[in-house]
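The numbering of the sequence shown is this note's numbering, which starts it at 1400 and goes up by one.
Just so you know, even glycine gets a beta-carbon here, dropped at the ideal spot from N, CA and C.
Remember, predicted model here, so these are calculated numbers, not experimental data.
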Amino acid sequence: MNKSVVNYQLQDQLGIITINNPPVNALSHPVRAGLTEALEQAASDASSAVLIICEGRTFIAGADITEFGKTPQPPHLPDVIEAIESFSKPVVAALHGNALGGGLEVALAAHYRCAIASTKLGLPEVKLGLLPGAGGTQRLPRVVGVEAALDMMTSGAPINASKALDLGLIDKVLEGELETAAIDYAMALIAEGATVRPTSHRVAAVPEASDYYDQYLKKIERKSRGQIAPGYIVELVELSTRTDITAGQAVERERFMACRNSPQASAMQHVFFFYFATSKLPDIPSDTPILPVESVAVIGAGTMGGGIAMCLANAGVPVILVETKQEFLDRGMGVIKGNYATSVKRGRFSQAQADSFLANFSGTTNYADIANVDVVIEAVFENMDVKKEVFAKLDQACKPSCILATNTSYLDVDEIAGATNRPEQVIGAHFFSPANVMKLLEVVRAAKTSPQVVQTFMKLAKKIGKIAVAVRVCNGFVGNRMLKGYGRQAQLCLLEGASPEQVDSAMQDWGMAMGPIAVGDLAGLDIGYRSRRDQGIESRSVKESTLADTLVEMERLGQKSGSGYYRYDPETRQRQNDPAVESLIDEVAATWNVERRELSKDEIVERLVLSLINEGAAILQEGIAARPSDIDIVYLNGYGFPAWRGGPMFYADTLGLSVVVEKLQALQSSTGDACWTPSPLLIELAEAGKPLTSLN
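This is the structure in structure tokens:
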């Protein structure tokens, strides 16, 4: 036994197996081997029961990610689990921290389970394009029932100890210090004469409805569209109700290998590994000192400003909301209070939590009241003149060390910084709406932003629960710059012969959360209209925006006006195709001498996705994004790109960059459109036989 990783000792009648494999007690080969050896030792000593417990901050949190893609060494995890479940003496698993993935599968093999109240339990493999591969799909339904097992495994979301107790996943919530409470529980079981109770001997109840599994698949269809693992999980849970564990695990292993060898697993593991890379900036040392952030002011109490303020308040940061008039401030605080009331009603927060968040708010109409805050986040109208006026005032009102952040989707942060005498303290903060819900935050580094300010804002973003990606200044930064070309192709497809529904269906079927036309209606067509006017583009002067300009001038703004590209039911907001829009598209196409034809789903998808890839490569070459994975994280978290495709840059590698270049050149040749000129970076990498991910 590896004494430094797994230790065994006999204490009275209790054999105690202690795992100590920092930082998360992952199921590495030494842990698996140590568990096996400890069980062999316990089998021949005077113990009446065995307790499995972990040192450090967590129980077994899952597989050892350093072993991903490698041939595992024996003993394999299913063999260790079988040894625990078939052990001749009662085995108790004491859980704390996170009992996830293989860790929970180990616990499911134990005969009794206890946990401290803060423990999280789950089988998150679906988030990596996988399914539980060591008996989880067969044991969990036998313990908690079919519905709860399906919910846990198809979502990958953990549950807390209280919920686990209600479901029967654990037998006791421990109070006090883990080791003492766990030993007391195990000794009590010995005193009661507790016997072994293998999970595999239990029977999972068959649902009453004959079409239960079909209905469940329909229920999860939207979230799992395109993924193979959720469907396999449903199949395997059904199997657990009508076969023994040996047969069930044999099929589970086949399905696990099918998932593991799929492009989806590679894509989702790419996403998993590179989520953590976004906070590491190549040119800024990780030990760069950060500025203290004890209070923040938010300029503007509208939808965006209120959402940003809620993120801060929820993280315990005192927030001063600043508005031009008291009535605007009162209205903004009213919306914020209503949002919290809704969250309490839905069970997201308790009333006590909501009250504590609201206690972090104060408001003012006087800039003098924010003289001592550490950070100001401006969230006013998306107009350069307005923002520069605000920043000139902030420069005068705020202390010299205060960070001045602008929430902008497109505007030049360097120009905004130029309105101050402290450009090194100015940074961009592109929050996504609604800011209190959306996780993505593009942190925009202006030319003179100091490394200390960048590092401080990245840390603040993490504190308020955001996935922060540092980007450089250009029109639209990373996400919206790429979206421009994507949206342009969607509009051209409409003029060339596709209907709004065809474009949206093609992209949704491919995996996007929403189609681009429906997204436009949801966001409001007037936003793009105003942006084009701010850029000096006259209405209907550009082919690809003529249709959108016309709709806005017809007061068809999207969902908020009841019509845009689609018509919307005033009660349900369900969209319907509108023949009037079809006629309008014909008229616009004729105006621009576009000959309409039938477009296939494949052509629509190819054009829209290639536009993302090509622009993303240009962004990389210009240094706007630090690495390809940063672009992927932006698109996965802000634009509905399917995680199981890994993001636009990873997806380009799955196609092969030589194939991508060939497709771009073919489109360039057939259309004459300069947008299809392949990025020099794509050509360079394709000729060298290197993938984009080699730049991560």
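C-beta atoms of residue i and residue j nearer than 7 Å
i	j	result
VAL1449	VAL1404	no
ALA1482	VAL1423	no
ALA2016	SER2068	no
LEU1921	ALA1947	no
THR1598	ARG1641	no
PRO1353	ALA1548	There is simply no residue 1353 to check, as the chain begins at 1400 and stops at 2095 in what is shown.
LEU2056	LEU2084	yes
PRO2027	THR2076	no
ARG2044	ALA1628	no
LEU1810	MET1783	yes
GLY1500	GLU1524	yes
GLU1900	ASN1820	no
VAL1772	SER1661	no
ILE1735	GLY1699	no
ILE1707	VAL1697	yes
ASP1463	LEU1426	yes
LEU1711	VAL1718	yes
LEU1494	ALA1516	no
SER2097	GLY2088	Because the chain spans 1400 through 2095 in this model, residue 2097 falls outside it and cannot be assessed.
GLY1555	LYS1526	yes
ALA1753	VAL1743	yes
GLY1528	GLU1504	no
Residue i versus residue j - alpha carbon distance
i	j	result
ILE2003	GLY2039	17 Å
LYS1724	GLN1934	29 Å
LEU1859	VAL1602	49 Å
GLY1455	GLU1943	58 Å
PHE1727	TRP1909	43 Å
ALA1867	VAL1670	14 Å
ILE1480	ALA1508	6 Å
LEU1893	ALA1816	39 Å
VAL1789	GLU1981	43 Å
ALA1683	ALA2025	Note that residue 1683 corresponds to Ile in the displayed sequence, not to Ala. If I take the Cα positions, the gap works out to 12 Å.
TRP1679	ILE2030	Note on identity: in this sequence residue 1679 is Lys, with Trp being the wrong assignment. Cα to Cα, LYS1679 sits roughly 14 Å from ILE2030.
PHE1831	ASN1559	29 Å
THR2053	ASP1550	31 Å
GLU1651	PHE1486	23 Å
PRO1407	ALA1432	Strictly speaking, residue 1407 in this sequence is Tyr, with Pro absent from that position. The straight-line gap from Cα to Cα measures roughly 13 Å.
GLN1668	TYR1674	10 Å
GLU1986	THR2070	21 Å
PHE1748	LEU1757	12 Å
ILE1589	ALA1445	13 Å
VAL1842	VAL2033	11 Å
ALA1791	PRO1822	11 Å
Anticipated Cβ contact below 8 Å, residue i with residue j, distance rounded
i	j	result
GLY1630	SER1639	Contact flag wrong, Cβ pair sits at about 15 Å.
ALA1581	GLU1574	Their Cβ separation, rounded to whole angstroms, is 11 Å, which puts ALA1581 and GLU1574 out of contact at 8 Å.
ASN1759	ASN1835	That pair is no contact at about 13 Å.
LEU1568	ARG1512	7 Å
ILE1863	ARG1844	With a Cβ gap of about 19 Å, ILE1863 and ARG1844 do not count as contacting.
CYS1658	LEU1530	6 Å
Under the three-state DSSP convention, the category residue i falls into
i	result
TYR1407	strand
HIS1600	helix
PHE1748	coil
TYR1511	strand
ASN1497	strand
CYS1453	strand
GLN1975	strand
ALA1867	strand
ALA2042	helix
ASN1713	helix
MET1679	It should be noted that the sequence gives Lys, not Met, for residue 1679. LYS1679 falls in the coil class under three-state DSSP.
ARG1966	strand
THR1417	strand
LEU2080	helix
LYS1622	helix
Per DSSP, the bridge partner or partners of residue i
i	result
TYR1584	The partner list for TYR1584 (beta bridge, DSSP) is empty, contrary to what the question assumes.
ALA2024	VAL1870
ILE1776	VAL1697, ALA1804
GLY1521	LEU1499
PHE1760	VAL1718
PHE1830	LEU1840
ALA1492	ILE1451, ARG1512
ILE1936	In the DSSP output, where bridge partners are listed per residue, ILE1936 has none listed.
Minimum Cβ-Cβ distance from residue i to chain C less than 7 Å
i	result
ALA1492	In the structure shown, chain C does not exist; there is a single protein chain.
Near the ligand MN: residue i beta-carbon under 6 Å from a heavy atom
i	result
ASN1419	By its list of ligands, the structure shown contains no ligand whatsoever, and the ligand MN lies outside what it can speak to.
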